[in-house]
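Those sequence lines, one after another, are chains A and B.
All you need for the working numbering is the position in the first sequence, starting with 1, plus 44.
All you need for the working numbering is the position in the second sequence, starting with 1, plus 25.
Using N, Cα and C, we set each Cβ at its ideal position, and we do this for glycine too.
Okay, structure first, notes after.
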Amino acid sequence: MNNEVVRLKDVFLNLNRIPILEGISFSIEKNDFLAVIGPNGGGKSTLLKIILGLIRPDSGEVKVFGRKPEEARNLIGYLPQHSFFDLNFPVDVFDAVLMGRYNGIFKNYSNKDNEAVENALERVGMLKFRHRQMGKLSGGQMQRVFIARAIVRNPKLLLLDEPMASIDPEMQSSFYELLSKLKEKMTIVLVTHDVGVVSAHVDKIACLNRKLFCHGPPEVAAGILEDVYKCPVELIAHGIPHRVLKEHDKK
Amino acid sequence: MIEFLQYQFMQNAIIAAILVSIACGIVGTYVVIKRIVFISGGISHAAFGGIGLGYLVGINPIITAIPFSLLSAVGIGAISKKIKVSEDTAIGILWSVGMALGIIFINLSPGYAPDLFSYLFGSILTVPASDLVIMLILDLIIIITVFLFNREFLAISFDEEFSEVVGIPAESLYILLLCLVALSVVVLIKVVGVILVIALLTIPAAISKQFTHKIKKLMILSILTGILLTVFGLWLSYLFDLASGATIVLVLGGAFIISSLLKNSS
Numbered sequence: 045m046n047n048e049v050v051r052l053k054d055v056f057l058n059l060n061r062i063p064i065l066e067g068i069s070f071s072i073e074k075n076d077f078l079a080v081i082g083p084n085g086g087g088k089s090t091l092l093k094i095i096l097g098l099i100r101p102d103s104g105e106v107k108v109f110g111r112k113p114e115e116a117r118n119l120i121g122y123l124p125q126h127s128f129f130d131l132n133f134p135v136d137v138f139d140a141v142l143m144g145r146y147n148g149i150f151k152n153y154s155n156k157d158n159e160a161v162e163n164a165l166e167r168v169g170m171l172k173f174r175h176r177q178m179g180k181l182s183g184g185q186m187q188r189v190f191i192a193r194a195i196v197r198n199p200k201l202l203l204l205d206e207p208m209a210s211i212d213p214e215m216q217s218s219f220y221e222l223l224s225k226l227k228e229k230m231t232i233v234l235v236t237h238d239v240g241v242v243s244a245h246v247d248k249i250a251c252l253n254r255k256l257f258c259h260g261p262p263e264v265a266a267g268i269l270e271d272v273y274k275c276p277v278e279l280i281a282h283g284i285p286h287r288v289l290k291e292h293d294k295k
Numbered sequence: 026m027i028e029f030l031q032y033q034f035m036q037n038a039i040i041a042a043i044l045v046s047i048a049c050g051i052v053g054t055y056v057v058i059k060r061i062v063f064i065s066g067g068i069s070h071a072a073f074g075g076i077g078l079g080y081l082v083g084i085n086p087i088i089t090a091i092p093f094s095l096l097s098a099v100g101i102g103a104i105s106k107k108i109k110v111s112e113d114t115a116i117g118i119l120w121s122v123g124m125a126l127g128i129i130f131i132n133l134s135p136g137y138a139p140d141l142f143s144y145l146f147g148s149i150l151t152v153p154a155s156d157l158v159i160m161l162i163l164d165l166i167i168i169i170t171v172f173l174f175n176r177e178f179l180a181i182s183f184d185e186e187f188s189e190v191v192g193i194p195a196e197s198l199y200i201l202l203l204c205l206v207a208l209s210v211v212v213l214i215k216v217v218g219v220i221l222v223i224a225l226l227t228i229p230a231a232i233s234k235q236f237t238h239k240i241k242k243l244m245i246l247s248i249l250t251g252i253l254l255t256v257f258g259l260w261l262s263y264l265f266d267l268a269s270g271a272t273i274v275l276v277l278g279g280a281f282i283i284s285s286l287l288k289n290s291s
């Protein structure tokens, strides 16, 4: 019970009368590294926002660290799918990450916060850009800064929405390396539609397309993925040295 | 230039220009970076209702404009979040309803409204000392509020959703920010009038934003730009005997064009 980080029970959500999530029940245990996969529009990002308390479900129960989602936010790090901002916005890399250390009204940022920002920037390899204006970075660099912003408060639960979206290919492996280090200290939930790569790194996979289709280790998930995507899916899994490509059915 | 400074009304006008530039530099920075220019326009026009109310009940319209513009700020913030109305629709409604109320109030008030024109288009040369005191107090409130909440204001301007995730009550702070806009509108009314307020709330910050990406520097630069340009506009209006509010706005507009051209060519 104490190991339960997130628990959803019978969560239903409609937006403009369109069902987004139907009867989602599952829990995430401490130090899980879970990938939520599924097609676009399957409700993955919405699920994260429900865990964050940004969206309230129509019915069902959501507990994060045994509390209401809003009350657990100081334990959560979040990387949104899109961070739209004006490219001329007057903020540099350092100050953007510093916002992740926000600790309450009237509580100024301290030296400890500054150190945490430098550490986080170091980890994503962006420390040398700390005085650069946010809008003057490339898409991949921005994403790395937003990852730093998500991890800067040393969260107990890290929610990443499509973290690979704009990361350059050569950055991907070092990103997974970073995650495998972080994983020792925190529970990680990663949302992606990129099924292939992710399964080699995570412990568990949840397939989401309005309903939760499976929740378990990647090997188990493989078979059910096809139901979610409605087409054969290739998967790279633990303990399998080569890519195992399943043949497409020829009719 | 020396002769220009020796009149009491000119000295008052210059103090007014400084007080106005402080409000504009600080709040205008947020107006520009959070892209709430049109909300601010809506609040400033709605403030006209408060001015009309002042005429009706027979007290200084600047005083009645304060609660009125604060209410409209809270109204715009709350309506667009609570009811399913897009924000620009809410702005349009408030904008026109506020002005209409002002006109009806003035209709109902006895006698003739002699200096109504000055509230619409500004009249920096007739700012009485008592109004300067009100402007100074409002400036102080703005400075203190921004000093206390600058981290929150920056975070909600940059990424509202994320700011909520780290525990900032984003909606309340957004409404607080709109209230600061409302107060600066009141500071500005006497100088440029409700119709031209938006120029001072946007142009100094828009010019300065081209030259720095640190928000503190941006505020200071906006204040200095504001003082320089309003005093220059004031001097021109004195020299050529033109309407002061409109001249100041034209100077601001001209400066924006020149600074953009300079920035782009360099």
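Check                                                                                                                                                                             : Outcome
Under 9 Å, Cβ to Cβ, is there at least one residue of chain B near VAL108(A)?                                                                                                     : no
Determine, for ILE64(A), whether the minimum Cβ-Cβ distance to residues of chain B falls below 9 Å.                                                                               : no
Is ASP136(A) buried or exposed, if buried means 16 or more other CB atoms sit within 10 Å of its CB?                                                                              : buried
Under 8 Å Cβ to Cβ from ARG254(A), same chain only, skipping five residues before and after it: list those, please.                                                               : PRO63, ILE64, LEU65, GLU66, GLY86 and GLY87
Please state whether DSSP places ASP54(A) in a helix, a strand or coil.                                                                                                           : strand
What residue range does the alpha helix (DSSP H) around LEU156(B) cover?                                                                                                          : Strictly speaking, residue 156(B) in this sequence is Asp, with Leu absent from that position. Counting along the chain, the alpha helix (DSSP H) containing ASP156(B) begins and ends at 154 to 183.
If the cut-off is 7 Å on Cβ atoms, which residues from the stretch 237 to 268 of chain B count as contacting chain A, listed in chain order?                                      : THR237, HIS238, LYS239, ILE240 and LEU243
Exposed or buried, what is ASP113(B) when buried is set at 16 or more other beta-carbons lying within 10 Å of its beta-carbon?                                                    : exposed
Answer with yes or no whether the minimum CB distance from GLY192(B) to chain A is below 9 Å.                                                                                     : yes
Looking only at C-alpha atoms, which of VAL49(A), ALA209(A), VAL106(A) and PRO207(A) sits nearest to LEU57(A)?                                                                    : VAL106(A)
At which residue ranges does the stretch 204 to 244 of chain A contain complete beta strand (DSSP E) runs of 3 or more residues, listed in the order of the chain?                : 231 to 236
Return no unless some Cβ of chain A is closer than 9 Å to the Cβ of GLU177(B).                                                                                                    : yes
Between TRP260(B) and THR237(B), what straight-line distance do the alpha-carbon atoms span, to the nearest angstrom?                                                             : 28 Å
Under three-state DSSP, which class holds PRO124(A)?                                                                                                                              : coil
How long is the line joining the alpha carbons of LYS290(A) and LYS288(B), rounded to whole angstroms?                                                                            : Note that LYS290(A) scores 48 on pLDDT, short of 50, meaning its location in the model is unreliable and no value can be drawn from it.
Closest Cβ-Cβ distance between HIS286(A) and chain B: below 9 Å?                                                                                                                  : Note that HIS286(A) scores 39 on pLDDT, short of 50, meaning its location in the model is unreliable; the coordinates nonetheless yield the value given after this. Answer no: the Cβ-Cβ gap between HIS286(A) and chain B never drops below 9 Å.
What three-state label does DSSP hand LEU256(A) in the structure shown?                                                                                                           : strand
Of all the CB atoms in chain A, is at least one closer than 9 Å to the CB of PHE93(B)?                                                                                            : no
I need the straight-line Cα distance from PHE63(B) to LEU91(A), nearest angstrom please.                                                                                          : 34 Å
Taking all protein chains shown into account, decide if ASP102(A) is buried (16 or more other Cβ within 10 angstroms of its Cβ) or exposed.                                       : exposed
Locate the alpha helix (DSSP H) running through VAL196(A), then write down its first and last residues.                                                                           : Segment: none, VAL196(A) is in no alpha helix (DSSP H) and carries neither H nor E.
Would you call the CB atoms of ILE81(A) and HIS245(A) closer than 9 Å?                                                                                                            : no
Between LEU171(A), GLY110(A) and GLY121(A), which lies nearest to LYS227(A) when the distance is taken from Cα to Cα?                                                             : GLY121(A)
Taking all protein chains shown into account, do 16 or more other C-beta atoms lie within 10 angstroms of the C-beta of ARG287(A), making it buried, or fewer, making it exposed? : No answer about ARG287(A) holds up, because its pLDDT of 43 lies below 50 and its placement is not dependable.
Can you round the beta-carbon distance between ARG188(A) and GLY169(A) to whole angstroms, since I take them to be within the 8 Å contact cut?                                    : 7 Å
Just to make sure I have the definition right: I need the residues of chain A whose C-beta is within less than 7 Å of the C-beta of ASP184(B). Which are they?                    : SER127 and PHE129
What residues in the stretch 148 to 175 of chain A have a beta carbon less than 8 Å from any beta carbon of chain B?                                                              : GLY148, ILE149, PHE150, ASN152 and TYR153
Could you tell me which whole alpha helix (DSSP H) segments of length 4 or greater appear in the stretch 77 to 151 of chain A?                                                    : 88 to 96 and 137 to 142
Of the residues VAL161(A), LYS93(A), ILE249(A) and PRO124(A), which one's Cα is nearest the Cα of HIS175(A)?                                                                      : VAL161(A)
At a CB-CB cut-off below 8 Å, which residues of chain B make contact with TYR122(A)?                                                                                              : PHE187 and VAL190
Say whether chain B places a C-beta atom closer than 9 Å to the C-beta of ALA140(A).                                                                                              : yes
Indicate whether at least one CB of chain B lies closer than 9 Å to the CB of PRO101(A).                                                                                          : no
Using a Cβ-Cβ cut-off of less than 7 Å, list which residues of the stretch 95 to 110 of chain B approach chain A; keep chain order.                                               : none
Can you pull the chain A neighbours of ILE58(B), defined as C-beta to C-beta under 8 Å?                                                                                           : ASP130, PHE133 and PRO134
Could you give the residue range of the beta strand (DSSP E) that holds ILE84(B)?                                                                                                 : Element bounds for ILE84(B): n/a, residue is neither H nor E.
When the cut-off is 9 Å and only beta carbons count, does LYS234(B) lie next to chain A?                                                                                          : yes
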